[in-house]
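Here the protein sequences line up with chains A and B, keeping their order.
The first sequence maps to residues 7 to 313 in my numbering.
The second sequence maps to residues 11 to 360 in my numbering.
For every residue, glycine included, the Cβ atom is placed at its ideal position computed from N, Cα and C.
Reading through the structure tokens given below for one structure.
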Amino acid sequence: MSGSQQLAMGDRRLLLETPENVPLVFELASAGSRILAIFIDFVLITVTVTLVVVITSALIGADALREEAGDGELLLDAVRTLAIFFIWNFYFIATELRWQGRTLGKRVVGLRVIARDGGPLSSGLVFARNLTRDLEMLLPLAAIVNPGVVGGDDSPVGLVLAWVWLGIMAFMPLFNRYRARVGDLLAGTLVVVAPKQRLLEDLVAEEQAARELARDEGGLGFTQEQLDLYGIHELQILEDVLRRYPANIDHDLLETIAYKIRTKIGWEPPPGRRVEAYEFLRGFYAAQRGRLEHKLLFGKRQERKVR
Amino acid sequence: MAQFTLKSFEFRREREAQWRELEQLVDRVEGRGLGALSAEELHRLPSLYRAALSSLSVARAISLDKNVITYLEGLSARAYFAVYCRKRYLGATVASFFAATFPALLRRIRGAFALSCGLLVLGAVSGYALTSAEPDRFYTFVSADMASGRTPSASKEKLEEALYGDGSDATATLTNFAAFLFTHNAKIGLMCFALGFLAGVPVMLLLFINGATLGAMWAVYAAHDLGLEFFTWVAPHGVTELLAVAVCGAAGLSLGYGLVFPGRHRRLENLAARGREAGALAIGAVFMFFVAALIEGFFRQLVQSLEVRALVASATAILWTAYFALAGRGRSVGRDVALVAEPDLEGAPS
């Protein structure tokens, strides 16, 4: 059976060992994204309940609502009560079962519920994690809006205890390393980040990159010493920068980065050739990645720059 | 293209088509379930998944292209869940749940169930005794909107009216009342389950108070010699309803017990295992509340005869007892329980 383990205390990543023995890395969802997902779900629930009520009142007919002094209205009340109960309590269960741990809100934000042991989301597990929502979310919220809910006429000690208790329920995610709320603890689940990643083009896929790697005539002619200065960390920052080109990056920033690298490694353009900042960075990236991957193959993983 | 290229580049070029194919399959599975795939695609999914995992471990070893690695991490994770998710149909799940799993789960925690029934009865007896001795205590146990006029100071006629209805009540009123009571009780039930997290103490209180409310009402009616009438008024749906409350209470108590006495397991693991069972029980109990509301909303208001009401009450009691004691005993229940209680990877390719 597979299982999950935390990489380190305080680390927000989790390793999940698959039956194929390739560990998958998951990142625990942040409080903000979880609240956002809940908010979206909440809006959807409200809209659905409103729709149900509006449709029912249309079916009953405006006349019945007006004439029979309350009859239609009571029926509408009943429908509303039931709609709120069922939709609020079963929306999360139904969507999490249907889309494997992703309510619509979680899908939008890019989150998903997983079992702590990596197993499938069984129905019992989804029930358990969603049946505590009232206690964890609605009750503390209601208490803030209307403190009387907690019991205003009780003894002060009881009142303080009630508030402490509500606080513990509401802020449970802050008290444990899995950031699990009470429902998550009951069910043994976690909420992790699971965005859809797109596969972008390979930055070394073009002619010029091949020239750099082969140290051809047309290349920028980096020497091995120049390529030994930076590490993987810097390479991947450069990758981010290049992937933002051209739409999402300031031209001056590109110039600055190119200038810094040039001076650090002491590179001069080949005689009689003008090299633009972007062209330089692309070429440097290809050459640098070639060098670092080469080292990697020989068992040397250079994480950071030398100095 | 020049002769010399990166190994990571070659690696990606060779495998990219497979990744894209897997991504497209996973997209469809996530949207519409495994049913969206044809037999052939279904056959390809696990092998593509394993290819992606192997790509991932190779990429971690040789590639420094961050985009490729994060892409493969994400794709493998999504494919993992697509491959190892449970292929079960909702209808079949529901059917097997009520046919076997639900009663079996309750039998498993029969000790907690007995305790939670006991607390309800104890609450009812205390409520009855206390209110009989001093009618004013009624207000401690029953809130005003719950009582809706049926207080110790109400006249006998008024109390009787509530039992039989005055005939002019429209269906809508009854529906409304039943809907209110259903959600109210179901919420109490779910609360019982959720409060189990706090070591079960609040569950005991809640059960006791629930019983006390009933006892207090009974005392008011008994004071006007309407005890039997009240009993036959409550019992037809009350049997189901109170059983459901007791089921939820048992689920909460079992949770609390697991938290306080984790036994051989780690506390968090134990809580998770029990939480799944208790969650399933609570869902079953919501269904029972619904049945109770149906009896209450339709049957009770139509039938006024004491005898028929008593008959129905005994019938429900016998039916539920038989159901919980016998249902699903002959079948391979252990397996079914495991399906709800603990995830397994059975049926998944290994």
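Listed by chain order, chain B residues near D208 of chain A by CB distance under 7 Å: The residue labelled residue 208 of chain A in the question sits at position 202 within the first sequence. Per Cβ cutoff of 7 Å: F19, R22 and D75.
Contact with chain B by E245 of chain A, beta-carbon distance below 9 Å: Locating residue 245 of chain A in the first sequence gives position 239, counting from the first residue. It does; some Cβ of chain B falls within 9 Å.
Sheet register partners of A121 of chain A (DSSP bridge): Sequence index remark: in the first sequence, residue 121 of chain A carries index 115 (1-based). Paired residue(s): A:T195.
Proximal chain D residues relative to R276 of chain B, where beta-carbon distance stays under 7 Å: In summary, chain D is missing from the structure at hand, where the protein chains are A and B.
Cβ neighbour criterion (16 or more within 10 Å) applied to L263 of chain B: Taking the first residue of the second sequence as position 1, residue 263 of chain B is located at position 253. L263 of chain B should be labelled buried.
Heavy atom of the ligand MG within 8 Å of Y284 of chain A beta-carbon: Ligands displayed in this structure: none; no statement on the ligand MG is therefore possible.
Contact list for I238 of chain A against chain B, beta-carbon separation under 8 Å: Taking the first sequence and counting its residues from 1, one reaches residue 238 of chain A at position 232. Within chain B, the residues near I238 of chain A are L74.
Under the three-state DSSP convention, the category P146 of chain A falls into: For this step, residue 146 of chain A is matched to residue 140 along the first sequence. Helix, per DSSP.
Coarse secondary structure for P29 of chain A, derived from DSSP in three states: The sequence position of residue 29 of chain A within the first sequence is 23, counting from 1. Note: P29 of chain A maps to strand in three-state DSSP.
Contact under 9 Å by Cβ, L125 of chain B with G225 of chain B: Reading the second sequence from its first residue, position 115 is the one you call residue 125 of chain B. Reading the second sequence from its first residue, position 215 is the one you call residue 225 of chain B. No, these two residues do not count as a Cβ contact at 9 Å.
Candidates B:R274, B:S18, B:V318 and B:Y231, of which the one nearest N77 of chain B by Cα: In the second sequence, residue 77 of chain B corresponds to position 67, counting from 1. Measuring from the Cα of N77 of chain B, the nearest candidate turns out to be B:S18.
Residue of B:G210, B:I198, B:F241 and B:F107 minimising C-alpha distance to E170 of chain B: Locating residue 170 of chain B in the second sequence gives position 160, where the first residue counts as 1. Considering only alpha carbons, the answer is B:F241.
Residue nearest to G305 of chain A in terms of C-alpha spacing, selected from B:A283, B:Y81 and B:S73: Residue mapping note: residue 305 of chain A aligns to position 299 of the first sequence, counting from 1. Comparing Cα positions, the closest option is B:S73.
Under 7 Å by beta carbon: chain A residues contacting G45 of chain B: Locating residue 45 of chain B in the second sequence gives position 35, counting from the first residue. What G45 of chain B touches in chain A: nothing, since even the nearest Cβ is about 12 Å away.
Spatial distance of G199 of chain B from V199 of chain A (CA atoms): As a working mapping, residue 199 of chain B is identified with position 189 in the second sequence. As a working mapping, residue 199 of chain A is identified with position 193 in the first sequence. Roughly 33 Å separates the two Cα atoms.
DSSP bridge partner residues for R19 of chain A (one or two, in chain order): Your numbering for residue 19 of chain A matches position 13 in the first sequence. Beta-bridge pairing links R19 of chain A to A:E33.
DSSP state of I44 of chain A mapped onto helix, strand, coil: Within the first sequence, the letter at position 38 stands for residue 44 of chain A. Note: I44 of chain A maps to helix in three-state DSSP.
Cutoff 9 Å: A211 of chain A Cβ touching any chain B Cβ: For the purposes of this step, residue 211 of chain A is identified with residue 205 of the first sequence, where counting begins at 1. At least one chain B Cβ lies under 9 Å of A211 of chain A.
Beta-carbon spacing of E26 of chain B, L248 of chain A below 9 Å: As a working note, residue 26 of chain B is residue 16 in the second sequence. As a working note, residue 248 of chain A is residue 242 in the first sequence. The answer is no: Cβ separation not under 9 Å.
Own chain partners of V55 of chain A with C-beta closer than 7 Å, once the 5 adjacent residues on each side are dropped: To locate residue 55 of chain A, count along the first sequence from 1; it is residue 49. The answer, listed in chain order, is A89, I90 and I93.
Simplified DSSP assignment, three categories, for W273 of chain A: Here residue 273 of chain A corresponds to residue number 267 of the first sequence, with the count starting at 1. If DSSP states are grouped into helix, strand and coil, W273 of chain A belongs with coil.
Short Cβ contact (9 Å threshold) for A193 of chain A with R104 of chain A: Looking up residue 193 of chain A in the first sequence gives position 187. Looking up residue 104 of chain A in the first sequence gives position 98. For A193 of chain A and R104 of chain A, no; Cβs fall outside 9 Å.
Straight-line gap, A245 of chain B to A229 of chain B (C-alpha atoms, nearest Å): Counting from 1 along the second sequence, the entry for residue 245 of chain B is found at position 235. Counting from 1 along the second sequence, the entry for residue 229 of chain B is found at position 219. Approximately 15 Å, taken between the alpha carbons.
Partner residues on chain A for G84 of chain B, Cβ-Cβ distance less than 8 Å: Indexing the second sequence from 1 puts residue 84 of chain B at position 74. What G84 of chain B touches in chain A: A200, P201, K202 and Q203.
Counted within 10 angstroms of its Cβ, other Cβ atoms place G38 of chain A as buried (16 or more) or exposed: Numbered from 1 along the first sequence, position 32 holds the residue referred to as residue 38 of chain A. Exposed.
For S136 of chain B, the first and last residue of its enclosing alpha helix (DSSP H): Walking along the second sequence from the start, residue 136 of chain B turns up at place 126. Taken as a continuous stretch (DSSP letters only), the alpha helix (DSSP H) holding S136 of chain B covers R120 to A143.
Chain B contacts from the stretch 126–141 of chain A (Cβ-Cβ distance under 7 Å): P126, S128, S129, G130, L131, F133, A134, L137, T138, D140 and L141
CB contact below 9 Å: L303 of chain A versus chain B: Taking the first sequence and counting its residues from 1, the one referred to as residue 303 of chain A is at position 297. Closer than 9 Å: yes.
Alpha-carbon to alpha-carbon, R40 of chain A and V114 of chain A: On the first sequence, position 108 is the one that residue 114 of chain A refers to. On the first sequence, position 34 is the one that residue 40 of chain A refers to. Approximately 11 Å between the Cα atoms of the pair.
Contact under 9 Å by Cβ, A61 of chain B with Q106 of chain A: The residue labelled residue 61 of chain B in the question sits at position 51 within the second sequence. The residue labelled residue 106 of chain A in the question sits at position 100 within the first sequence. Result no, Cβ atoms of A61 of chain B and Q106 of chain A do not sit closer than 9 Å.
Given A323 of chain B as reference, the closest of B:R277, B:H275, B:E251 and B:Y267 once Cα atoms are compared: The count along the second sequence starts at 1 and reaches residue 323 of chain B at position 313. Of the candidates B:R277, B:H275, B:E251 and B:Y267, the one whose C-alpha sits nearest the C-alpha of A323 of chain B is B:E251.
Residue-level contact to chain A via CB, I293 of chain B, 9 Å cutoff: As a first step, residue 293 of chain B must be located in the second sequence, where it is residue number 283. Interface residue, yes.
Residue environment, D346 of chain B, which counts as buried when at least 16 other CB atoms sit within 10 Å: As a first step, residue 346 of chain B is located in the second sequence; it is residue number 336 there, counting from the start. Because the pLDDT of D346 of chain B is 41, which lies under 50, any placement of that residue in the model is unreliable, and the question is left without a value.
Cβ neighbour criterion (16 or more within 10 Å) applied to P162 of chain A: Along the first sequence, one-based indexing puts residue 162 of chain A at 156. By the 10 Å Cβ count, P162 of chain A comes out exposed.
Ranges of the alpha helix (DSSP H) found wholly within the stretch 192–216 of chain B, counting only runs of at least 4: none
P272 of chain B to R284 of chain B span [Cα, whole Å]: Working through the second sequence from its first residue, we reach residue 272 of chain B at position 262. Working through the second sequence from its first residue, we reach residue 284 of chain B at position 274. Answer to the nearest angstrom: the Cα atoms are 10 Å apart.
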